[in-house]
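Chemist: Sequential numbering from 1 applies to the sequence shown in this note's numbering.
Dropping the structure in here first, questions after.
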Amino acid sequence: MFDGIGDTIRVSLTEDPVEEVPVAIEFARLIDKVRAQKAVAQIDEGLDFYSYNRRKCGEVEINGVKVGADSVPSVAVFGGEDEHAEFSFDTLNRCGDFYFAKCQEPCDLEDALKHAKVVAAEIEADKLIDFSGIIRNAPRGSVVLVPSAPTGGRHSVGEARMLVAKAKKLHLDCPVMLKFDDSKSLIPNADEASKLTEASIYLGSLFTDGIGDIASLEISKSPKRNAELALAILQGARARKSKAEYIACPSCGRTLYNIQETAAKIKARTSHLKGLTIGIMGCIVNGPGEMSDADFGYVGGAPGKINLYKNKQCVEINIPQEEAIEHLIDLIKASGRWVEPDEK
Ligand code: SF4
Numbered sequence: 001m002f003d004g005i006g007d008t009i010r011v012s013l014t015e016d017p018v019e020e021v022p023v024a025i026e027f028a029r030l031i032d033k034v035r036a037q038k039a040v041a042q043i044d045e046g047l048d049f050y051s052y053n054r055r056k057c058g059e060v061e062i063n064g065v066k067v068g069a070d071s072v073p074s075v076a077v078f079g080g081e082d083e084h085a086e087f088s089f090d091t092l093n094r095c096g097d098f099y100f101a102k103c104q105e106p107c108d109l110e111d112a113l114k115h116a117k118v119v120a121a122e123i124e125a126d127k128l129i130d131f132s133g134i135i136r137n138a139p140r141g142s143v144v145l146v147p148s149a150p151t152g153g154r155h156s157v158g159e160a161r162m163l164v165a166k167a168k169k170l171h172l173d174c175p176v177m178l179k180f181d182d183s184k185s186l187i188p189n190a191d192e193a194s195k196l197t198e199a200s201i202y203l204g205s206l207f208t209d210g211i212g213d214i215a216s217l218e219i220s221k222s223p224k225r226n227a228e229l230a231l232a233i234l235q236g237a238r239a240r241k242s243k244a245e246y247i248a249c250p251s252c253g254r255t256l257y258n259i260q261e262t263a264a265k266i267k268a269r270t271s272h273l274k275g276l277t278i279g280i281m282g283c284i285v286n287g288p289g290e291m292s293d294a295d296f297g298y299v300g301g302a303p304g305k306i307n308l309y310k311n312k313q314c315v316e317i318n319i320p321q322e323e324a325i326e327h328l329i330d331l332i333k334a335s336g337r338w339v340e341p342d343e344k
């Protein structure tokens, strides 16, 4: 979308179809804003954004957590702490472990490096060359790059791509933190839902390009909510799985049960099963084909009757709908994929 590709937006949600319209309108509104910008990033630094390639970078250790290289992306929060996030800048800044610095001039980075073991340095792509000597001379693993707000006529995704392109050209292999906050928003004073859409486009586009080692959002006042939303975006981009994944159909005239209600009940019982994929499909006409990647499937077989699938195989048919969720849980348990939810 930010690349200017696409003419029609189709949003598919497991909700009443009218709920799909505001989401599509929000996307269209954002595209209009992007169009108003002068130019998108011109990438000529030998990076391939046409297929998934996790960007190669060095490893940084922050407060005992490894970041970069082959590690799954971490989550950082500002304004407090949360158990879902690996890093709280407020806490780590106090003990000199991890410091966030907006670096306009090279001396800003030099100062920050005097005060912290690792500095998350927000630097404009076009100025990176001015910082390259300091980064190379700093202790290895002491700098994480943070793309800045749009500069040079680029939008925020283009700015981040350009920063990693310049880093490659300058042989800087620092990990990258993707931070979405008001400075990257196209809509001044946007509400939280709108900011979440923008944050999803920003982080989602870049993580699916293979760029990003730490995710951080500042769209809510609550660090807990920011951390949960960052994890949800990482899950959507398939960069990090922190809960179960669902492939649910949007429902149509063929749907054989109330799919929204059932999907909510299945999620409430299974969302803690990290790494598991469950298909929730309204009918057997298209359902089994559309959820062929799922580990388990819950599919409408006939009015009031459910068929259960394991991998691509139908293993139970015509279960009365009111008993089917328990059968699904039993099937997951019998397959050795169940763990009890953590009461905390
Ligand atoms: S899986 Fe079946 S019920 Fe669901 S949208 Fe497709 S055709 Fe309709």
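All C-beta atoms in this analysis are idealised placements derived from N, C-alpha and C, irrespective of residue type, glycine included.
Express the C-alpha separation of R161 and I332 in angstroms, rounding to a whole number.
Modeler: The count along the sequence shown starts at 1 and reaches residue 332 at position 332. The count along the sequence shown starts at 1 and reaches residue 161 at position 161. Each residue's Cα considered, the two are about 41 Å apart.
Chemist: Is R254 near the ligand SF4, judged by its Cβ being under 8 Å from some heavy atom?
Modeler: Start at 1 with the first residue of the sequence shown, and residue 254 comes out as number 254. Under cutoff, so the answer is yes.
Chemist: Going by CA-CA distance only, name the one from V65, S156 and T270 that's closest to E340.
Modeler: Taking the sequence shown and counting its residues from 1, one reaches residue 340 at position 340. With distances taken between Cα atoms, E340 lies closest to T270.
Chemist: Going by beta carbon distance, what residues of the same chain come within less than 7 Å of M291, once the five residues before and after it are set aside?
Modeler: As a working mapping, residue 291 is identified with position 291 in the sequence shown. So the qualifying residues of the chain are I247, G279, M281 and G297.
Chemist: Give the straight-line distance between the Cα atoms of L217 and G289, rounded to the nearest whole angstrom.
Modeler: Working through the sequence shown from its first residue, we reach residue 217 at position 217. Working through the sequence shown from its first residue, we reach residue 289 at position 289. So the alpha carbons of these two residues sit roughly 36 Å apart.
Chemist: In terms of alpha-carbon separation, which member of N286, S142, E122 and E326 lies closest to P150?
Modeler: Indexing the sequence shown from 1 puts residue 150 at position 150. Ranking N286, S142, E122 and E326 by Cα distance to P150 puts E122 first.
Chemist: Just grab the DSSP bridge partners of L308 for me.
Modeler: For the purposes of this step, residue 308 is taken as residue 308 along the sequence shown, with counting starting at 1. BP columns for L308 point to Y298 and E316.
Chemist: Span of the beta strand (DSSP E) holding Y246?
Modeler: By one-based count along the sequence shown, residue 246 stands at place 246. Where Y246 is concerned, the enclosing beta strand (DSSP E) stretches over E245 to A248.
Chemist: The ligand SF4 and E218: does the residue's C-beta get closer than 8 Å to at least one heavy atom of that ligand?
Modeler: Locating residue 218 in the sequence shown gives position 218, counting from the first residue. False, no ligand heavy atom lies under 8 Å from that Cβ.
Chemist: Please identify the residue among I219, D130 and L145 whose C-alpha is closest to the C-alpha of G79.
Modeler: The residue you call residue 79 lines up with position 79 of the sequence shown. Ranking I219, D130 and L145 by Cα distance to G79 puts I219 first.
Chemist: So, is Y357 buried or exposed, given that buried needs 16 or more other C-beta atoms within 10 angstroms?
Modeler: Here the chain comprises residues numbered 1 to 344, so residue 357 is not present and cannot be evaluated.
Chemist: With a threshold of 6 Å on Cβ separation, who are the neighbours of S88 within its own chain once the five nearest residues in sequence on each side are excluded?
Modeler: Here residue 88 corresponds to residue number 88 of the sequence shown, with the count starting at 1. Answer for S88: V77 and E81, listed in chain order.
Chemist: My parser needs the beta strand (DSSP E) runs of 3 or more residues fully inside the stretch 121-174; what are they?
Modeler: As far as the stretch 121-174 is concerned, its whole beta strand (DSSP E) runs of at least 3 residues are 143-147.
Chemist: Note down, in chain order, each residue of its chain lying with its Cβ closer than 8 Å to the Cβ of I266, except the 5 sequence neighbours on either side.
Modeler: Reading the sequence shown from its first residue, position 266 is the one you call residue 266. Y246, I278, I280, Y298, I325 and L328, listed in sequence order.
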